[in-house]
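A quick write-up on the structure given underneath.
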Ligand SMILES: Nc1ncnc2c1ncn2[C@@H]1O[C@H](COP(=O)(O)OP(=O)(O)O)[C@@H](O)[C@H]1O
Ligand SMILES: O=C(COP(=O)(O)O)[C@@H](O)CO
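In our numbering, the protein residues as written are 1364 to 1941.
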């Protein structure tokens, strides 16, 4: 149970404030996260990590000399937004390009890839290696789909050591990929974790039972067994990992390996030492040479009681890099020669310009802002229900993520309308605020939706039914192009595509916008409900496909709720709104 918070939706921000206040020796705050507070030599590759909050010391606790140059810090269990990542990367960059590395989660990939594209467009060279160490999350044939857990540490460290040694972007990328290939993890848990403000844990394990093969968000495990003895658990973890030695390691005999026993949040160190005692015996019995063992917390899941074992199989090059000194808030090895302090301060965030707008579009701006406001109210009303749906096969954060995004969008839309923006700019500002503040997959996609509609209706004329339907059609295409999901994958696309099709059909047959919108919202509601029968093929829910059968997709459901509420708004004043 996470017991202490002020406002749950402010938890991540307040946590960052406190973290920076306590660790100014190593980090300073920038928009979107933290960067090193010490001077970095010109031309050094910047290693930028990041991910959702709730995993301390991942990710910000691993920023400092010898390790990462910056960390983009998302909301609880949600990827940082594209804007956050761009901002941190620009602050961390010192002329040698940016190397991104993070755990392989859909929201992170979506947002880090988009940030990488933006930086490249600005002339900054970037490469990426996603961490895929968790062997329980996909088969060896689909290794690239595996998620990243405590193996983050080995990849981050090797990449950073290569950057500190003066390696260029190609070199840093090569050794990081090698470290990832040679890092394998497997985890178990005894209780689920509870997000701040939530009434119940994300999942529960029956008394005396243990969930096997689960990740760092309380995603359900792939199996459940009786809780074994400490020695029995050591045997399970070691046997699973030895059954999948990486390429280049034919046998454990004489192989040099770093074992990392990671606590997931509330397992006692003493319990871990008892387990590790047997892990060390088992590895030695196999003839493996143990190097620099780690027992502690490296990537947690709030208060989850559980543990994972990571085995990092060294070669000469990786071992040399692994032995270099590190000094970060949460992780120290060897003796680092302290660099001078970097007194740079981050510049204030620019206030986005308001382009000149035509009278017709300005007249519709307050309605556009009202639409965003109704969206935020709808999410406020359903926030718990959305969290519960996302808990079944996801990470339970759909409600709070949508709430954070929609509230920020409402404030941005109202501010733009007050400053004389046209309807298109109102929605574009709302889009940017939503994706920036919410992060995660749905934050990025709601940014695409609002931006597509805003750009289509533009700032000249009063939007009519045709331009609104064209905007929604552009949003539908945009979401599919960005997220790569198709109809039937059990995502918001399953509601958005029929919504758009029905809206276009209604408008083309001459229905007023309010009527066409109401028909489209009904179609979205039916389609969202029908996702209960689908098996997910994208994102967090994919490894838990069967668990999600019978439950609608949270993103499809929230989209249908929003569409319905906007329909009611339009119907209330049809002549004003058509
Ligand atoms: N690739 C995708 N394309 C479209 N929608 C997606 C995709 N991946 C996930 N989603 C939608 O996002 C929802 C999850 O949103 P949310 O929980 O807020 O984000 P996150 O998974 O990043 O925490 C899913 O229910 C689904 O509707
Ligand atoms: O969960 C995280 C990001 O993945 P999403 O796909 O956005 O849920 C985060 O905690 C790990 O970086």
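Virtual Cβ for every residue (Gly too), placed ideally from N, Cα, C.
In its own chain, which residues sit with a C-beta less than 7 Å from the C-beta of residue 1702, not counting the 5 before and 5 after it?
-> Stepping through the chain shown from its first residue, residue 1702 is reached at position 339. Taken in chain order, the residues that qualify are 1401, 1402, 1428.
DSSP three-state call for residue 1373: helix, strand or coil?
-> Looking up residue 1373 in the chain shown gives position 10. In this structure, residue 1373 counts as helix in the three-state DSSP scheme.
Looking at residue 1745 and ligand 1, is the gap between the Cβ and the nearest heavy atom below 7 Å?
-> Residue 1745 sits at position 382 when you count from the first residue of the chain shown. In this structure, residue 1745 has its beta carbon at no less than 7 Å from each heavy atom of ligand 1.
Cα-Cα separation, residue 1513 to residue 1673 = As a working note, residue 1513 is residue 150 in the chain shown. As a working note, residue 1673 is residue 310 in the chain shown. One C-alpha to the other measures close to 7 Å.
Any idea what DSSP makes of residue 1941, helix, strand or coil?
-> Indexing the chain shown from 1 puts residue 1941 at position 578. Annotation note: pLDDT 45 at residue 1941 (below 50); position unreliable, coordinate value reported separately. Here residue 1941 sits in coil by DSSP.
Drop a sphere of 10 angstroms on the beta-carbon of residue 1507, count the other beta-carbons inside from all chains shown, and report buried for 16 or more, exposed for fewer.
-> As a first step, residue 1507 is located in the chain shown; it is residue number 144 there, counting from the start. It counts as exposed.
Run the proximity test for residue 1442: is its beta-carbon closer than 7 Å to any non-hydrogen atom belonging to ligand 1?
-> Position 79 of the chain shown, counting from 1, holds the residue named residue 1442. Yes; taking the cut-off as 7 Å, the Cβ of residue 1442 has a heavy atom of ligand 1 nearer than that.
Label residue 1814 either buried or exposed according to how many other C-beta atoms from any shown protein chain fall within 10 Å of its C-beta, with 16 as the threshold for buried.
-> Translated into positions along the chain shown, residue 1814 becomes position 451. Buried: at least 16 other Cβ atoms inside 10 Å.
Excluding five sequence neighbours on each side, which residues of the same chain lie with their C-beta closer than 7 Å to the C-beta of residue 1460?
-> Indexing the chain shown from 1 puts residue 1460 at position 97. Once the five neighbours on either side are set aside, the close Cβ partners of residue 1460 are 1408, 1487, 1488, 1489, 1532.
State the CB to CB distance for the pair residue 1417 and residue 1664, rounded to an integer number of angstroms; the pair is presumed to be in contact (CB under 8 Å).
-> Along the chain shown, read from residue 1 onward, the residue named residue 1417 stands at position 54. Along the chain shown, read from residue 1 onward, the residue named residue 1664 stands at position 301. Cβ atoms of residue 1417 and residue 1664 come within 8 Å of each other, at about 7 Å.
State the start and end residues of the unbroken beta strand (DSSP E) segment that holds residue 1657.
-> Within the chain shown, the letter at position 294 stands for residue 1657. Run containing residue 1657: 1657-1659, per the beta strand (DSSP E) assignment.
Do residue 1825 and residue 1720 have their CB atoms nearer than 8 Å?
-> By one-based count along the chain shown, residue 1825 stands at place 462. By one-based count along the chain shown, residue 1720 stands at place 357. Cβ atoms of residue 1825 and residue 1720: not closer than 8 Å.
What separation, rounded to the nearest whole angstrom, lies between the Cα atoms of residue 1432 and residue 1846?
-> The residue given as residue 1432 occupies position 69 in the chain shown. The residue given as residue 1846 occupies position 483 in the chain shown. Computed Cα separation, rounded: 29 Å.
If you draw a straight line from the C-alpha of residue 1940 to the C-alpha of residue 1828, how long is it?
-> Taking the first residue of the chain shown as 1, we reach residue 1940 at position 577. Taking the first residue of the chain shown as 1, we reach residue 1828 at position 465. Per-residue confidence for residue 1940 stands at a pLDDT of 44, beneath the threshold of 50, marking its modelled position as unreliable; no derived number is given.
Residue 1391 to residue 1399 span [Cα, whole Å] | For the purposes of this step, residue 1391 is taken as the residue at position 28 of the chain shown. For the purposes of this step, residue 1399 is taken as the residue at position 36 of the chain shown. Whole-angstrom Cα-Cα distance: 6 Å.
Check each candidate in 1563, 1909, 1413 and name the one with the smallest Cα separation from residue 1395.
-> Here residue 1395 is taken as the residue at index 32 of the chain shown, counted from 1. The shortest C-alpha separation from residue 1395 is found at 1413.
Residue range of the alpha helix (DSSP H) that includes residue 1877 | By one-based count along the chain shown, residue 1877 stands at place 514. Residue 1877 -> alpha helix (DSSP H) spans 1876-1893.
Grab the span of the alpha helix (DSSP H) containing residue 1867 for me, first residue to last.
-> As a first step, residue 1867 is located in the chain shown; it is residue number 504 there, counting from the start. Here the alpha helix (DSSP H) through residue 1867 covers 1856-1871.
Could you give the residue range of the alpha helix (DSSP H) that holds residue 1913?
-> Taking the first residue of the chain shown as position 1, residue 1913 is located at position 550. First-last for residue 1913: undefined, no H or E at that position.
Is residue 1654 near ligand 1, in the sense that its beta carbon is under 7 Å from a heavy atom of that ligand?
-> Looking up residue 1654 in the chain shown gives position 291. Checking every heavy atom of ligand 1 against the Cβ of residue 1654, none is found closer than 7 Å.
Which value, in whole angstroms, describes the spacing of the CA atoms of residue 1524 and residue 1516?
-> Mapped onto the chain shown, residue 1524 falls at position 161. Mapped onto the chain shown, residue 1516 falls at position 153. Going by the C-alpha atoms only, they are around 12 Å apart.
To which residues does DSSP link residue 1548 through a beta bridge?
-> Here residue 1548 corresponds to residue number 185 of the chain shown, with the count starting at 1. Note: residue 1548 sits in a beta bridge opposite 1497, 1673.
State whether the segment 1847-1854 contacts the segment 1911-1918, with contact taken as three or more CB pairs (one from each stretch) at a distance under 8 Å.
-> yes
Count the other CB atoms, across all protein chains shown, that sit within 10 Å of the CB of residue 1652; report buried if there are 16 or more and exposed otherwise.
-> The sequence position of residue 1652 within the chain shown is 289, counting from 1. So residue 1652 ends up on the exposed side.
Coarse secondary structure for residue 1924, derived from DSSP in three states = The count along the chain shown starts at 1 and reaches residue 1924 at position 561. It is helical.
Smallest Cα separation from residue 1411: which of 1365, 1820, 1475, 1468?
-> In the chain shown, counting from the first residue as 1, residue 1411 sits at position 48. Taking only the C-alpha atoms, the option nearest residue 1411 is 1475.
Residue 1644: first and last residue of the uninterrupted beta strand (DSSP E) it sits in | As a working mapping, residue 1644 is identified with position 281 in the chain shown. Per DSSP, residue 1644 belongs to no beta strand (DSSP E); it is in the alpha helix (DSSP H), 1632-1648.
Could you give the residue range of the alpha helix (DSSP H) that holds residue 1566?
-> Mapped onto the chain shown, residue 1566 falls at position 203. It is not in any alpha helix (DSSP H) - residue 1566 carries neither H nor E in the DSSP assignment.
Which two residues bound the contiguous alpha helix (DSSP H) that contains residue 1805?
-> On the chain shown, position 442 is the one that residue 1805 refers to. Element bounds for residue 1805: 1803-1820.
If you measure from the CB of residue 1804, is any heavy atom of ligand 3 nearer than 7 Å?
-> Ligands displayed in this structure: ligand 1 and ligand 2; ligand 3 is not among them.
Where does residue 1480 sit, in a helix, a strand or coil, going by DSSP?
-> Within the chain shown, the letter at position 117 stands for residue 1480. Correct three-state label for residue 1480: helix.
Mind checking which residues open and close the beta strand (DSSP E) that includes residue 1714?
-> Counted from its first residue, the chain shown places residue 1714 at position 351. Counting along the chain, residue 1714 falls outside any beta strand (DSSP E), and DSSP gives it neither H nor E.
At what residue ranges does the segment 1384-1413 contain a whole run of the beta strand (DSSP E), taking only runs of 3 or more?
-> 1390-1393, 1396-1399
Using only alpha-carbon positions, find the residue among 1694, 1735, 1879 that is nearest to residue 1789.
-> On the chain shown, residue 1789 is found 426 positions in, with the first residue counted as 1. That would be 1735, whose Cα lies nearest to the Cα of residue 1789.
Does the segment 1563-1576 touch the segment 1676-1693, meaning 3 or more C-beta pairs lie closer than 8 Å?
-> no
Assuming residue 1923 and residue 1891 make a contact with CB atoms under 8 Å, what is their CB distance in whole Å?
-> On the chain shown, position 560 is the one that residue 1923 refers to. On the chain shown, position 528 is the one that residue 1891 refers to. With a Cβ gap of about 4 Å, residue 1923 and residue 1891 count as contacting.
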